[in-house]
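Notes follow once the structure below has been shown.
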Amino acid sequence: MSKLQTVKGFADLFAPLSGLYTLMEDTARRVFGAYGYRELRTPIMERTELFQRGIGAETDIVQKEMYTFPDRKGRSLTLRPEATAGVMRAYIENNLHAREQVSRFFTCGPMFRYERPQKGRMRQFHQLNCECLGAEEPQVDAEVVLMLLLFLEEIGLDGLSAEINTLGCRECRPTYRKALTDFLRRIDPATLCEDCRRRVEINPMRLLDCKVPSCREQTDGAPQIRDHVCAGCSAHFDTVLAILDKERVDYILNPRLVRGLDYYSRTTFEIVSASIGAQGSVAGGGRYDGLVKDLGGPDVPGIGFACGMERLALMLGDKESLLPRPDFYFAVLDEAASDTALHAAQTLRKARLAGEMSFGAGSLKSRLRQASRSNAEYCLILGGAELEAQKVVVKHMDSGEQAEIPLTTLADWAEIRFEDKMERGRKGGCR
Ligand code: HAM
């Protein structure tokens, strides 16, 4: 019989990698929570129409990458390729604009895109996503960028660059689009890739972010949007940049940053890493002022972003030191000591220490090897002799120092360890 396998582009996340995902989510909740973002969990499946109308019928995502299928009654459903459209649907459906002027949402979870899998690109991937609805002030744009950068710093990432651009609004973009199309029509189509040839008329701005070298060369002298935006968009963008300057954010103005989803207006941004290969965009987002209205809601402005967790994990690499370290490993040497050990280990956990216990009998050498593999801070050893004396040997794994303590005082020992851990600000836990 053939071996069962995961679907191509979908992955199992084992520890310690899964621990990194938990760390990212916890840090995101803490950092984004400090700005007022509260968690919203939306379904992973929506009606297909939502994404067609939200992301744009001509985008690659909608044209080629969605997992779309009919349900048993023939209605077309789609596994969410991103979170924004679903958050908008939930906001509109629940009339949230009537309850609060500004709504801030944090969402995380799996997204699905039928792309060619490669390093940093999966068909099921995970995003940390924030959306802020109801405010159009440039301060919001700056706050969102600063918040994203703070989050990336808090999870321990550096060496990233922030790229930023403005895409103008619905009033001024058509003028730019026309200037760009006029320029693109003068290019010999034979020098463009197939996608770009198709996009000249239907989505000309996407030619600017094509990665094919010959296309890039051809669009080098293309008109730049910043020279075509209206006074309102220009002032808005200048203020965003001025705040970022004041906050000493090192950003790059990238006039080619147009993003692959149709809903953007005004500020767009991406955080890019040079260290994880071709799929270097670890986060991306921007303003989308007409989206809520387009989806049948009130005319409410919005801005947001999403971080790709697979790419963040690639950057974090094997930073196991970021993950909590178990406080103990309970080594049972003799089967006769098992029940006493189980009770003792339970005492430790009630005192909020974390660690695993061995089962059955085993040699001291093999138990210490397991303790060291688990990266526990202490190994507690209970064999026949210790059982007899109603004591347990406590070995500090880093220094090698060890002591014997009576089982009756184990709860006190655990309490001191817990206080010590809190003082050092160390989180204990099994990975
Ligand atoms: P996006 O640029 O399509 O934007 O995706 C955001 C991030 O998700 C990317 O920067 C990347 O890190 C990650 N990502 C995208 N596709 C994949 C994939 N196939 N495999 C692994 N990671 C991937 C959005 O999704 C927008 N909804 C962001 C947003 C929120 N804009 C406003 N609000």
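Just so you know, the sequence shown maps onto residues -5 to 425 in the numbering used here.
Each residue gets a CB set at the ideal place from its N, CA and C atoms; glycine is no exception.
This structure is a prediction, so every number in the text was calculated from the model and none was measured.
Quiz item: F26: which of I181, E148, C166 sits nearest, CA to CA?
Solution: The option with the nearest alpha carbon to F26 is E148.
Self-check item: Neighbourhood of R193 by C-beta distance below 6 Å, restricted to the same chain and skipping five residues each side
Solution: The answer, listed in chain order, is R200, L201.
Quiz item: Using a Cβ-Cβ cut-off of 6 Å (strictly less than) and excluding sequence neighbours within five positions of V96, which residues of its own chain qualify?
Solution: Hits under 6 Å: G128, A129.
Exercise. Within 10 angstroms of the Cβ of V1, are there 16 or more other Cβ atoms? Answer buried if so, exposed if not.
Key: exposed
Quiz prompt | Endpoints, beta strand (DSSP E) assigned at H390 | solution = Element bounds for H390: 385 to 390.
Quiz item: For I49, is the classification buried or exposed, using 16 other Cβ atoms within 10 angstroms of its Cβ as the cut-off for buried?
Solution: Flag for I49 reads buried.
Quiz item: With distances taken from CA atoms, which of L381, R281, A79, R69 is nearest C444?
Solution: The question about residue 444 has no answer, for the chain in this structure spans -5 to 425.
Quiz prompt | H120 - containing alpha helix (DSSP H), residue span | solution = Run containing H120: none in the alpha helix (DSSP H); it sits in the beta strand (DSSP E), 118 to 127.
Quiz item: The alpha helix (DSSP H) with F412 in it runs from where to where?
Solution: 404 to 417
Quiz item: Considering only C-alpha positions, which residue in the set R171, A229, R83 is nearest to G290?
Solution: R83
Practice problem: Can you have a look at K389 and say buried or exposed, based on whether 16 or more other CB atoms are within 10 angstroms of its CB? | Solution: buried
Exercise. Go ahead and pull the three-state DSSP assignment for M82.
Key: helix
Quiz item: According to DSSP, which residues form a beta bridge with F99?
Solution: R32, E125
Quiz item: Going along the chain, which unbroken runs of the beta strand (DSSP E) with 3 or more residues stay wholly within the stretch 301 to 370?
Solution: Fully enclosed beta strand (DSSP E) runs of 3 or longer: 322 to 326, 349 to 351.
Quiz item: How would you call P183, buried or exposed, if buried means at least 16 neighbouring beta carbons within 10 angstroms?
Solution: exposed
Exercise. Can you give me the Cβ contacts of Y29 inside the same chain, cut-off strictly under 6 Å, excluding the 5 residues immediately before and after it?
Key: M141
Quiz item: Taking just the CA atoms, how far does R35 sit from Q212?
Solution: 44 Å
Quiz item: From the DSSP output, which residues share a beta bridge with Q112?
Solution: Beta-bridge analysis with DSSP links Q112 to R115.
Practice problem: Work out the CA separation of Q46 and V294 for me, nearest whole Å. | Solution: 20 Å
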